[in-house]
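Residues in the sequence shown are numbered consecutively from 1, following full-length UniProt numbering.
Note that CB positions come from ideal geometry on N, CA and C, so glycine has one too.
Have a look at the structure below before the remarks.
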Amino acid sequence: MECHVVIYNISQDAEQVEEATWAVTALHNQIESFSGPKLFILVSTVMTWASSKPLDPNDPELPFTDEIFWSRRAHPSFQQHIDLEKRVVKIGKSNRALLSTYVVASGLQYGMGEHIFHHFFKKSWLGQDRRISVFGDGQNIVPTIHICDLARVLWNVIEHQPQPYYLLAVDSSNNRMEEIVKAIASALGPAKIQKRPFEEIYLIKDMSAMEIDFLQVNLRMEAVHIKKLFSISWLSEFGLVDNVELVVEEYRQNRGLLPLRLCVLGPPAVGKSTVSRRICERYKLHHIRLKDAVSEAVAQLVKEQLKVLKDKLMSNPCRNQGFVLDDFPSTYEEAKELFSGETVALLPAFVLCLDASDSFLRERVISLPERLVQELDYEPEHFLRRLAAYRESSAEEESVLNYFVELDIPPLHLSNQRLNHAAKIFDTVGPPRTYGPDSQEVEEEERRKAEEELRREAEQRAKEEQTEEEEARSRATRWKDWTQSLEAERQQEEQQLEEQTVLMRGYLMEHVMPTLTRGLLECCRTQPPNPVEFLAEFLFKNNPFDYPK
1 MECHVVIYNI SQDAEQVEEA TWAVTALHNQ IESFSGPKLF ILVSTVMTWA
51 SSKPLDPNDP ELPFTDEIFW SRRAHPSFQQ HIDLEKRVVK IGKSNRALLS
101 TYVVASGLQY GMGEHIFHHF FKKSWLGQDR RISVFGDGQN IVPTIHICDL
151 ARVLWNVIEH QPQPYYLLAV DSSNNRMEEI VKAIASALGP AKIQKRPFEE
201 IYLIKDMSAM EIDFLQVNLR MEAVHIKKLF SISWLSEFGL VDNVELVVEE
251 YRQNRGLLPL RLCVLGPPAV GKSTVSRRIC ERYKLHHIRL KDAVSEAVAQ
301 LVKEQLKVLK DKLMSNPCRN QGFVLDDFPS TYEEAKELFS GETVALLPAF
351 VLCLDASDSF LRERVISLPE RLVQELDYEP EHFLRRLAAY RESSAEEESV
401 LNYFVELDIP PLHLSNQRLN HAAKIFDTVG PPRTYGPDSQ EVEEEERRKA
451 EEELRREAEQ RAKEEQTEEE EARSRATRWK DWTQSLEAER QQEEQQLEEQ
501 TVLMRGYLME HVMPTLTRGL LECCRTQPPN PVEFLAEFLF KNNPFDYPK
């Protein structure tokens with residue numbers, strides 16, 4: 001091995017234990033061939049302390065420290081981890097000049113996208129639950145450390161190679177599980193929690209048995225060695241709860257869960273709500289609408305509605321996933337008022353302006369059901385008045401579109417009167433910035449696709465059967481028509497043949513048969529040696545050219 005520093009992290013993946021065991025053993029076996037000193041650091045987990053007995057039953061506030069690491073007792077599921085810790089320590093004592101070994105027992109790691117606490121971040125961000133679940137009583141103390149602070153600890157171990165070979169890497173928080181979940185829910189979700197029996201955590205499909213064990217840990221710990229030996233510039237010394245805003249921002253950035261903000265504008269009846277709904281369905285955004293009919297005379301009411309709308313835009317769901325503002329703001333002043341103060345950071349990244357000709361819009365309104373006309377206030381007089389007002393405001397120098405242009409947010413103009421803008425919008429906005437479907441949603445989607453496929457196959461079979469039946473009926477009809485036509489032709493031919501036969505028979509009976517019969521009788525009577533020649537001479541002699549007509 002050419003590396004001078006080897007780090008193995010077994011704190012989050014039990015499968016790394018076997019490989020780390022092989023690596024440190026291989027290093028030890030090749031120690032005589034080293035060209036220089038090497039350093040092996042094992043990043044382990046505080047779960048090797050999880051079954052330790054309290055230091056003082058009368059003083060539950062007394063923390064475990066790395067100064068008494070020899071008294072630690074591992075959680076039953078982490079026996080392999082503690083065995084490897086002991087092996088690493090033992091190997092390091094054999095020849096410290098050539099191979100130094102350290103064990104860094106890490107608290108539950110958070111930050112930069114999340115791992116152990118990801119379930120709570122995801123549930124809060126999605127906003128589908130009114131309360132975020134805390135499994136159990138939530139009073140267990142969870143030793144934690146930010147992943148960047150853990151990296152700083154490891155860097156200091158490499159730089160200083162301290163005398164103690166076993167170090168705890170935990171922050172100073174000692175937060176309880178309930179406090180952690182509540183902080184996440186407040187910063188990212190509904191701000192409310194609910195306690196549920198711990199057994200229900202096993203119903204979560206995406207949570208491994210190892211992660212469930214982590215969330216049950218109950219240890220008050222203090223990292224004495226790293227505080228004494230190192231001068232660390234902590235990113236999150238006092239834990240996740242005190243630095244939750246920083247951690248939430250890291251979570252959003254690292255997982256690409258950045259909010260999409262759009263504003264859809266256009267004249268009445270152009271299809272803004274339809275387009276907005278399609279965008280919301282694709283990107284899982286929140287559809288924000290302000291009722292069209294607001295009395296302009298009641299200025300205070302408008303201000304109140306703007307305040308309510310501002311609060312809505314500032315809510316966690318809109319800050320997490322984003323939103324689509326449907327047909328608001330409608331004026332320059334409304335836009336300026338809406339995106340001021342705290343909400344200036346919530347300016348839409350995309351402004352979509354739908355448009356169509358007045359004649360097209362009038363035809364579209366006329367074709368709407370009466371119920372929708374009443375609901376949308378699209379009676380002819382009101383609609384034409386609103387359309388004229390929109391055209392007039394759009395032509396002003398300080399229009400709502402100019403507001404966004406001034407802020408370098410050029411509107412995307414969509415004037416296709418077929419109102420089929422989805423492909424162009426999706427291409428402009430880009431891919432969704434949300435979680436992909438979970439296992440349950442995947443199953444439901446697969447089931448829906450299977451049902452859809454079965455439905456299509458059934459429809460195809462029914463269509464094919466109908467086509468076959470129609471073709472069979474058509475063939476039967478054509479066969480019937482053909483046989484009838486053939487029979488008619490045959491009867492006609494027979495009739496014509498019969499008519500011709502009667503004429504020919506009459507002709508023969510009248511002009512040929514009398515003479516021919518006499519000739520035959522005479523031939524039979526005389527019995528000449530050459531009957532044909534005899535008959536010919538007889539007919540020639542008895543030619544009835546003067547036969548009475």
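Asked: Once DSSP output is grouped into helix, strand and coil, what is the label at residue 433?; Found: coil
Asked: Among 105, 513, 192, 140, which residue has its Cα nearest to the Cα of residue 198?; Found: 140
Asked: Given that a residue counts as buried once 16 or more other Cβ atoms are within 10 Å of its Cβ, and exposed if not, what is residue 252?; Found: buried
Asked: Terminal residues of the continuous alpha helix (DSSP H) containing residue 318?; Found: 316-320
Asked: Looking only at C-alpha atoms, which of 250, 195, 312, 482 sits nearest to residue 133?; Found: 195
Asked: Report, in whole angstroms, the separation of the C-beta atoms of residue 221 and residue 60, which I expect to be a contact under 8 Å.; Found: Rounded, the Cβ-Cβ distance is 13 Å, inconsistent with contact.
Asked: Starting from the Cα of residue 230, find the closest Cα among 428, 537, 173, 161 and give me that residue.; Found: 161
Asked: Can you tell me whether DSSP reads residue 486 as helix, strand or coil?; Found: helix
Asked: What are the boundary residues of the alpha helix (DSSP H) that residue 551 is part of?; Found: In the structure as shown, the chain begins at 1 and stops at 549. Residue 551 is therefore absent and cannot be evaluated.
Asked: With 16 other CB atoms within 10 Å as the buried threshold, where does residue 484 fall?; Found: exposed
Asked: For residue 271, count neighbouring C-beta atoms within 10 Å of its own C-beta (all shown protein chains included) and say buried if the count is 16 or more, exposed if not.; Found: buried
Asked: Who pairs with residue 133 in a beta bridge, going by DSSP?; Found: 194
Asked: By DSSP, does residue 543 sit in helix, in strand, or in coil?; Found: coil
Asked: Who are the Cβ neighbours of residue 541 in its own chain at under 7 Å, not counting the five residues just before and after it?; Found: none
Asked: Rounding to the nearest angstrom, what Cα-Cα distance links residue 92 and residue 72 in this structure?; Found: 19 Å
Asked: Please list, in chain order, all residues of the same chain as residue 299 whose beta carbon is under 8 Å from its beta carbon, the five residues on each side excluded.; Found: Any answer about residue 299 is weak, because its pLDDT of 48 lies below 50 and its placement is not dependable; what the coordinates show is given next. Cβ within range, chain order: n/a, list empty.
Asked: Quick check on residue 585: does DSSP put it in helix, strand or coil?; Found: Examination of residue 585 is not possible in this model, given that the chain is present from 1 through 549 alone.
Asked: Using CA atoms only, rank isn't needed, just tell me which of 119, 116, 42, 47 is closest to residue 100.; Found: 42
Asked: Keeping to the same chain, check which residues put their C-beta closer than 6 Å to that of residue 102; ignore five residues upstream and five downstream.; Found: 41, 157, 165
Asked: Could you check where the alpha helix (DSSP H) with residue 332 kicks off and where it finishes?; Found: 332-338
Asked: Taking only runs of the alpha helix (DSSP H) that begin and end inside the segment 206-285, which ones reach a length of at least 4 residues, in chain order?; Found: 209-215, 224-229, 239-242, 244-255, 272-283
Asked: Per the DSSP calculation, residue 169 is bridged to which residue(s)?; Found: 106
Asked: Is DSSP giving residue 403 helix, strand or coil here?; Found: helix
Asked: Counting Cβ pairs, one atom from each stretch, are 3 or more of them under 8 Å apart for the segment 359-367 and the segment 307-327?; Found: no
Asked: Can you tell me where the alpha helix (DSSP H) with residue 394 in it begins and where it stops?; Found: 380-395
Asked: Based on Cα-Cα distance, which residue from 47, 207, 247 lies nearest to residue 146?; Found: 247
Asked: Residues in the same chain with beta-carbon distance under 6 Å from residue 254, minus the five sequence neighbours each way, listed in chain order, please.; Found: 112, 113
Asked: Relative to the alpha-carbon of residue 126, which residue among 375, 318, 175 has its alpha-carbon at the smallest distance?; Found: 318
Asked: Compute the Euclidean distance between the alpha carbons of residue 332 and residue 406, then round it to the nearest angstrom.; Found: 11 Å
Asked: My assumption, with CB atoms under 8 Å, is that residue 315 sits in contact with residue 239. Please give the rounded CB distance.; Found: About 26 Å separates the two Cβ atoms, so there is no contact after all.
Asked: Report the three-state DSSP secondary structure of residue 360 (helix, strand or coil).; Found: helix
Asked: Name the two residues that bound the continuous beta strand (DSSP E) containing residue 157.; Found: Residue 157 -> not in any beta strand (DSSP E); alpha helix (DSSP H) instead, spanning 147-160.
Asked: Okay, do the segment 257-277 and the segment 324-344 touch, 3+ Cβ pairs below 8 Å being the bar?; Found: yes
Asked: State the DSSP-derived secondary structure class of residue 201, mapped to helix, strand or coil.; Found: helix
Asked: Would residue 189 be called buried (16 or more neighbouring beta carbons within 10 Å of its own) or exposed?; Found: buried
Asked: Could you tell me if the beta carbon of residue 37 falls within a distance shorter than 7 Å of some heavy atom in the ligand FMN?; Found: Looking for the ligand FMN in the displayed structure turns up nothing, as the structure carries no ligands at all.
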